[in-house]
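K.L.:
With numbering that gives the first Met the number 0, the residue at position 72 of the sequence shown is 71, and numbering never jumps.
Submitted below is the structure of interest, expressed as structure tokens.
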Amino acid sequence: MPDKVFVPPLKIQGIKTKLVPLIKQNIAMDKDSVWYEPFMGSGVVGFNIEPERAVFADTNPHIIDFYNRIKDGTINPSSVRAFLENEGKLLEQKGEEYYYYVRDRFNEEHDPLDFLFLNRSCFNGMIRYNRSGDFNVPYGHKPQRFAKAYITKIVNQVAHVSELLLNHSWSFVCQSFERTIAMATEGDFVYCDPPYLGRHTDYYDSWNEKSEKALRVALNSSKAKFMVSTWDHNEYRTNDYIQALWSDCNKITQNHYYHVGANEANRKPVVEALLMNYKASGFLNSVADNNTRRVNDEQ
Numbered sequence: 000m001p002d003k004v005f006v007p008p009l010k011i012q013g014i015k016t017k018l019v020p021l022i023k024q025n026i027a028m029d030k031d032s033v034w035y036e037p038f039m040g041s042g043v044v045g046f047n048i049e050p051e052r053a054v055f056a057d058t059n060p061h062i063i064d065f066y067n068r069i070k071d072g073t074i075n076p077s078s079v080r081a082f083l084e085n086e087g088k089l090l091e092q093k094g095e096e097y098y099y100y101v102r103d104r105f106n107e108e109h110d111p112l113d114f115l116f117l118n119r120s121c122f123n124g125m126i127r128y129n130r131s132g133d134f135n136v137p138y139g140h141k142p143q144r145f146a147k148a149y150i151t152k153i154v155n156q157v158a159h160v161s162e163l164l165l166n167h168s169w170s171f172v173c174q175s176f177e178r179t180i181a182m183a184t185e186g187d188f189v190y191c192d193p194p195y196l197g198r199h200t201d202y203y204d205s206w207n208e209k210s211e212k213a214l215r216v217a218l219n220s221s222k223a224k225f226m227v228s229t230w231d232h233n234e235y236r237t238n239d240y241i242q243a244l245w246s247d248c249n250k251i252t253q254n255h256y257y258h259v260g261a262n263e264a265n266r267k268p269v270v271e272a273l274l275m276n277y278k279a280s281g282f283l284n285s286v287a288d289n290n291t292r293r294v295n296d297e298q
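So, in structure tokens, the structure goes:
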């Protein structure tokens with residue numbers, strides 16, 4: 000039986016939950032390596048790899064603040080339960096009006112528990128900001144969102160992160176991917192899950208062709224081994240940037256499905272790619288090889 004994949008308390012669109020087993024099988028690091036994750040997002044990959052030492056980074060300060068508050072004990076399972084029980088009752092009573100009240104409160108005060116509340120009650124679990132840096136995702140229209148079982152699930156997720164932090168040397172920093180990659184040395188490992196160029200339109204910072212090229216330059220300058228998650232193709236088009244920017248990398252692909260919107264009919268397949276500057280144990284081909292073997296994931 001495959002290892003169970005731990006799902007973290009913050010949900011991010013594009014979360015790599017179903018890709019974790021493939022990533023875990025093909026990383027190249029030992030007990031002395033430091034894990035660097037310049038695009039932390041939900042943290043699902045690093046939290047499941049469980050490296051002894053790690054630097055989790057993101058340009059979104061609210062994600063970093065949330066996990067630092069778990070690390071210093073300000074946020075703990077008890078505080079999360081009490082907060083969500085109270086706020087959940089108010090959401091159930093007042094609905095949309097209360098959601099937008101909390102959203103305004105968060106944009107003013109930046110409380111990490113408000114961030115968790117919004118992340119779990121907004122539309123489709125999105126994290127999106129306007130040009131002023133304000134969270135602007137609309138209400139998900141689920142006034143009974145924080146049922147007892149759902150709160151317990153989130154509390155257990157926070158408890159698991161708390162336990163991981165007690166047993167590992169991990170840090171969470173808000174900084175650019177260039178700075179994070181520059182910290183890695185020979186023998187370390189860099190896992191990158193950048194916004195997908197040509198697919199993601201919303202991120203805390205914008206992501207464009209210039210950003211993708213800068214990532215390639217930063218990784219080329221590093222002596223560490225690296226793995227980059229990106230999309231390879233779907234039924235409509237191919238990611239031309241793989242050939243243009245990452246042609247010297249080895250590639251593993253896996254079928255993946257995304258739910259776009261609330262309708263089950265919008266279940267869209269995409270082939271994900273892992274790009275590496277080393278030879279791993281999986282199904283490896285160079286990017287130039289059009290016969291790359293794929294691993295199916297249709298669960």
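Note that the Cβ used here is the ideal one computed from N, Cα and C, for glycine as well.
All values derive from a computational prediction rather than experimental measurement.
1. Do D239 and G13 have their C-beta atoms within less than 9 Å of each other?
2. Please name the residue in N106, L112, A56, G139 whose C-alpha comes closest to that of R130.
3. Would you say S120 faces chain B, with C-beta separation under 9 Å as the test?
4. Determine the extent of the beta strand (DSSP E) in which K224 is found, giving its start and end residues.
5. Considering just the uninterrupted stretch of the beta strand (DSSP E) at A27, what are its terminal residues?
6. Three Cβ pairs or more, each shorter than 8 Å: is that satisfied between the segment 79-88 and the segment 113-127?
7. Tell me the rounded alpha-carbon separation between D247 and C173.
8. Going by other Cβ atoms of all chains shown within 10 Å of its Cβ, with 16 needed for buried, is Y99 buried or exposed?
9. Could you please give the first and the last residue of the uninterrupted alpha helix (DSSP H) stretch that includes Y35?
10. Can you grab the Cα-Cα spacing for the pair L18 / V6, in whole Å?
11. Just to confirm, is the Cβ distance from I241 to A217 under 9 Å?
12. In terms of DSSP beta bridges, what is V172 paired with?
13. Should D57 go down as buried or exposed, given a rule of 16 or more other Cβ atoms within 10 Å for buried?
14. May I ask you to report which of helix, strand or coil DSSP gives M182?
15. Going by DSSP in three states, Y277 sits in which element: helix, strand or coil?
16. Work out the CA separation of I180 and F245 for me, nearest whole Å.
17. Please work out which residues of its chain come closer than 8 Å, Cβ to Cβ, to H255, disregarding the five sequence neighbours upstream and downstream, and give them in chain order.
18. For F46, report the span of its beta strand (DSSP E) as first-last.
19. So what's F114 in DSSP terms, helix, strand or just coil?
20. Going residue by residue through the segment 104-170, where are the continuous alpha helix (DSSP H) segments of at least 4 residues, counting only ones entirely within it?
21. S228: buried (16+ other C-beta within 10 angstroms of its C-beta) or exposed?
22. Taking only the alpha-carbon atoms, compute the straight-line gap between K224 and M275 and give it to the nearest angstrom.
23. Under 8 Å by Cβ, that's how I've got I22 and V44 pegged, so tell me the actual separation to the nearest angstrom.
24. Contact defined as beta carbons within less than 8 Å: I believe V4 pairs with V33. What is the distance between those atoms, to the nearest angstrom?
P.N.:
According to the structure data:
1. To locate residue 239, count along the sequence shown from 1; it is residue 240. To locate residue 13, count along the sequence shown from 1; it is residue 14. No, Cβ-Cβ distance for D239 and G13 is not below 9 Å.
2. Against the sequence shown, residue 130 aligns to sequence position 131. Nearest of N106, L112, A56, G139 to R130, Cα basis: N106.
3. Absent here is chain B; the protein component of the structure consists of one chain.
4. Stepping through the sequence shown from its first residue, residue 224 is reached at position 225. Unbroken beta strand (DSSP E) run through K224: 224-233.
5. Along the sequence shown, read from residue 1 onward, the residue named residue 27 stands at position 28. Counting along the chain, A27 falls outside any beta strand (DSSP E), and DSSP gives it neither H nor E.
6. yes
7. Position 248 of the sequence shown, counting from 1, holds the residue named residue 247. Position 174 of the sequence shown, counting from 1, holds the residue named residue 173. Distance between the alpha carbons of D247 and C173: 30 Å.
8. Here residue 99 corresponds to residue number 100 of the sequence shown, with the count starting at 1. Exposed is the call here.
9. Stepping through the sequence shown from its first residue, residue 35 is reached at position 36. Note, Y35: premise wrong, no alpha helix (DSSP H); beta strand (DSSP E) at 33-36.
10. As a position in the sequence shown, residue 18 is number 19, starting the count at 1. As a position in the sequence shown, residue 6 is number 7, starting the count at 1. The alpha-carbon atoms of L18 and V6 are separated by roughly 12 Å.
11. The residue given as residue 241 occupies position 242 in the sequence shown. The residue given as residue 217 occupies position 218 in the sequence shown. Cβ atoms of I241 and A217: not closer than 9 Å.
12. Within the sequence shown, numbered from 1, the residue matching residue 172 stands at position 173. Paired residue(s): A56.
13. Locating residue 57 in the sequence shown gives position 58, where the first residue counts as 1. Looking at its Cβ environment, which holds 16 or more other Cβ atoms inside 10 Å, D57 is buried.
14. Here residue 182 refers to the residue found at position 183 of the sequence shown. Reduced to three states, the DSSP call for M182 is helix.
15. The residue you call residue 277 lines up with position 278 of the sequence shown. Y277 falls in the coil class under three-state DSSP.
16. Stepping through the sequence shown from its first residue, residue 245 is reached at position 246. Stepping through the sequence shown from its first residue, residue 180 is reached at position 181. Residue identity differs from the one stated: residue 245 is Trp in this sequence, not Phe. The alpha-carbon atoms of W245 and I180 are separated by roughly 17 Å.
17. Residue numbering aside, residue 255 sits at position 256 when the sequence shown is read from its first letter. Contacts found: K17, L18, P268, V269, V270, E271, D296.
18. Residue 46 sits at position 47 when you count from the first residue of the sequence shown. Segment 43-48 is the alpha helix (DSSP H) holding F46; no beta strand (DSSP E) there.
19. Mapped onto the sequence shown, residue 114 falls at position 115. F114 falls in the helix class under three-state DSSP.
20. 111-120, 147-166
21. The sequence position of residue 228 within the sequence shown is 229, counting from 1. S228 should be labelled buried.
22. Counting from 1 along the sequence shown, the entry for residue 224 is found at position 225. Counting from 1 along the sequence shown, the entry for residue 275 is found at position 276. C-alpha separation (whole angstroms): 8 Å.
23. Within the sequence shown, residue 22 is the residue found at index 23, counting from 1. Within the sequence shown, residue 44 is the residue found at index 45, counting from 1. I22 to V44, Cβ: 6 Å. Contact.
24. Within the sequence shown, numbered from 1, the residue matching residue 4 stands at position 5. Within the sequence shown, numbered from 1, the residue matching residue 33 stands at position 34. Actually they are not in contact, since the Cβ atoms of V4 and V33 sit about 23 Å apart, beyond 8 Å.
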